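In our numbering, the protein residues as written are 1193 to 1337.
In this text, a Cβ means the ideal position worked out from N, Cα and C, and glycines have one as well.
Nothing here was measured: the structure is a model prediction, and the numbers come from that model.
Single-structure report; data block below.
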Amino acid sequence: MALFLFARAIIDGKPIEVFNHGHHTRDFTYVEDIVEGMLRIIDHFAAPDPKWAGSNPDPASSRAPYQLYNIGSNKPIQLMRYIELLEECLGRKAEKRLLPLQPGDVPNTYADMSDLIAAVGYQPNTPIEVGVRNFVDWFRSYYGL
């Protein structure tokens, strides 16, 4: 993921490729928040939608008992802010190669978690600043830096 790639490059003094000149926004989510969402939903069994009809199918519903959920922070931030936080935590500036938007990429994404919130009351609670700091502490320890 971006955090690993960026951290390794910054530590090694190598440039990082920053697409869309850093104007992307993304829904960065701390791993423990992802796990919390999964643990909350694991015993929540989906039920078939009795209103679903093959003559007028709703692609967001089914007779089959399944449910798909987005898990995220629902708080998109700019990629450049993400990099700034990483730089602060590492105590080093990144050498950035600012590049245009890649074909097929989208400038802004985030998780719509309304279904998951309604189903199990899940709300991530790790601020991006804490998540990046925790990652950097782990990264330094794991790689002996």
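- Per DSSP, reduced to three states, the secondary structure at Ile1269 is strand.
- Our two residues, Arg1284 and Met1230, have alpha carbons roughly 34 Å apart in a direct line.
- Minimum Cα-Cα distance from Arg1325 among the listed residues Ala1201, His1215, Leu1197 and Tyr1274 corresponds to Tyr1274.
- Scanning Ala1311, Ser1333, Asn1300 and Leu1291 for the CA closest to the CA of His1213 turns up Leu1291.
- Of the residues Ala1194, Leu1197, Ile1203 and Phe1198, the one whose Cα lies closest to the Cα of Gly1336 is Ile1203.
- Secondary structure at Leu1308: helix, using DSSP grouped into helix, strand and coil.
- Between the alpha carbons of Val1322 and Arg1289 lies a gap of roughly 26 Å.
- Nearest Cα to Phe1327 within the set Leu1260, Phe1220 and Gln1294: Phe1220.
- The Cβ atoms of Leu1282 and Ile1233 do not sit closer than 8 Å to each other.
- Taking the C-beta atoms as reference points, Ala1303 is found nearer than 8 Å to Asn1262.
- From the listed residues Asp1225, Leu1195 and Glu1209, the smallest Cα separation to Gln1294 is found for Glu1209.
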